[in-house]
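Trainee: Numbering (my numbering), first residue to last: 1078 to 1241.
All C-beta atoms, glycine included, are put in the ideal place defined by N, C-alpha and C.
(1) Going by other Cβ atoms of all chains shown within 10 Å of its Cβ, with 16 needed for buried, is residue 1163 buried or exposed?
(2) Could I get the ranges of all uninterrupted alpha helix (DSSP H) runs contained in the region 1153-1185, with 4 residues as the minimum, in chain order?
(3) Assign residue 1173 to one of two classes, buried (16 or more other C-beta atoms within 10 Å of its C-beta) or exposed (fewer than that).
(4) Judging by CA-CA distance, which residue of 1216, 1170, 1209, 1127 is the nearest neighbour of residue 1181?
(5) In terms of DSSP beta bridges, what is residue 1226 paired with?
(6) For residue 1143, which option in 1235, 1121, 1223, 1130 has the closest C-alpha, if you only look at C-alpha atoms?
(7) In terms of alpha-carbon separation, which member of 1105, 1113, 1088 lies closest to residue 1207?
(8) With H, G and I counted as helix, E and B as strand and the rest as coil, what does DSSP make of residue 1087?
(9) Whose CA, out of 1135, 1192, 1212, lies closest to the CA of residue 1267?
(10) Going by the DSSP bridge assignment, what does residue 1210 pair with across the sheet?
(11) From 1108, 1222, 1146, 1124, pick the residue whose C-alpha is nearest to that of residue 1096; which is it?
(12) How about residue 1170 and residue 1202: do their beta carbons lie closer than 8 Å?
(13) Could you tell me how far apart the beta carbons of residue 1204 and residue 1183 are, in whole angstroms, since I believe they sit closer than 8 Å?
(14) Touch check for the region 1130-1146 and the region 1190-1199: three-plus C-beta pairs under 8 Å?
(15) Taking only the alpha-carbon atoms, compute the straight-line gap between residue 1093 and residue 1087 and give it to the nearest angstrom.
(16) May I ask which residues mark the beginning and end of the beta strand (DSSP E) holding residue 1102?
(17) Residue 1160 and residue 1081 look like a contact to me (Cβ under 8 Å); what is the Cβ gap, rounded to whole Å?
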């Protein structure tokens, strides 16, 4: 299911409509889909409340509201995600990511893929590949134009390591 169909399914659900009726000030900030072997992927949509500085996430298939959480963020606020401005499908973004992987990181065998549609400085598909060698490949693609904004690779083993 693509992001638009999943979002429509969420919007039409009783659980989400109750949320909208009873909660004010929330807006869409991300769409998330993790893909891994032998697991059925399901979309998650995050809604941020600036006054509370909290995020509420809804899973789809089945629709389920997760407990409200604190937000991990770099900026003071989180940008609104505007799905009507998304012109590049996840399928097309993944074709671009695969082309980048083939060109720059061909030896990496992928075991998991994390797809996030979000608004950073602009709206992007922020796609992270985790390889069998425990490397993380991250590719950011402009969701309007399909242009590659950035790509990099790092070892999972280096995450959280700081100079002493």
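Mentor: Answer, in terms of the structure:
(1) The residue labelled residue 1163 in the question sits at position 86 within the chain shown. Burial call: buried.
(2) 1167-1181
(3) Counting from one through the chain shown, the residue named residue 1173 turns up at place 96. Buried, since its Cβ has 16 or more Cβ neighbours within 10 Å.
(4) For this step, residue 1181 is matched to residue 104 along the chain shown. The candidate whose alpha carbon is nearest that of residue 1181 is 1216.
(5) The residue labelled residue 1226 in the question sits at position 149 within the chain shown. None, per the DSSP bridge assignment.
(6) What you label residue 1143 is simply residue 66 of the chain shown in a count that begins at 1. Checked all of 1235, 1121, 1223, 1130; the closest Cα to residue 1143 is 1121.
(7) Start at 1 with the first residue of the chain shown, and residue 1207 comes out as number 130. If we check each option's Cα against that of residue 1207, 1113 comes out closest.
(8) Within the chain shown, residue 1087 is the residue found at index 10, counting from 1. In this structure, DSSP gives residue 1087 a helical state, which the three-state scheme calls helix.
(9) Residue 1267 lies beyond the range of the chain shown here (1078 to 1241); nothing can be said about it.
(10) Numbered from its first residue, the chain shown carries residue 1210 at position 133. Answer by DSSP bridge pairing: none, since residue 1210 is not bridged.
(11) Taking the chain shown and counting its residues from 1, the one referred to as residue 1096 is at position 19. It is 1124.
(12) For the purposes of this step, residue 1170 is identified with residue 93 of the chain shown, where counting begins at 1. For the purposes of this step, residue 1202 is identified with residue 125 of the chain shown, where counting begins at 1. Closer than 8 Å, so yes.
(13) Along the chain shown, one-based indexing puts residue 1204 at 127. Along the chain shown, one-based indexing puts residue 1183 at 106. Their Cβ separation, rounded to whole angstroms, is 17 Å, which puts residue 1204 and residue 1183 out of contact at 8 Å.
(14) Short answer: they don't touch.
(15) For the purposes of this step, residue 1093 is identified with residue 16 of the chain shown, where counting begins at 1. For the purposes of this step, residue 1087 is identified with residue 10 of the chain shown, where counting begins at 1. Each residue's alpha carbon lies about 6 Å from the other.
(16) Looking up residue 1102 in the chain shown gives position 25. Careful: residue 1102 lies outside any beta strand (DSSP E) and carries neither H nor E.
(17) Here residue 1160 is taken as the residue at index 83 of the chain shown, counted from 1. Here residue 1081 is taken as the residue at index 4 of the chain shown, counted from 1. Taking 8 Å as the upper bound for CB-CB distance, residue 1160 and residue 1081 are in contact here, some 7 Å apart.
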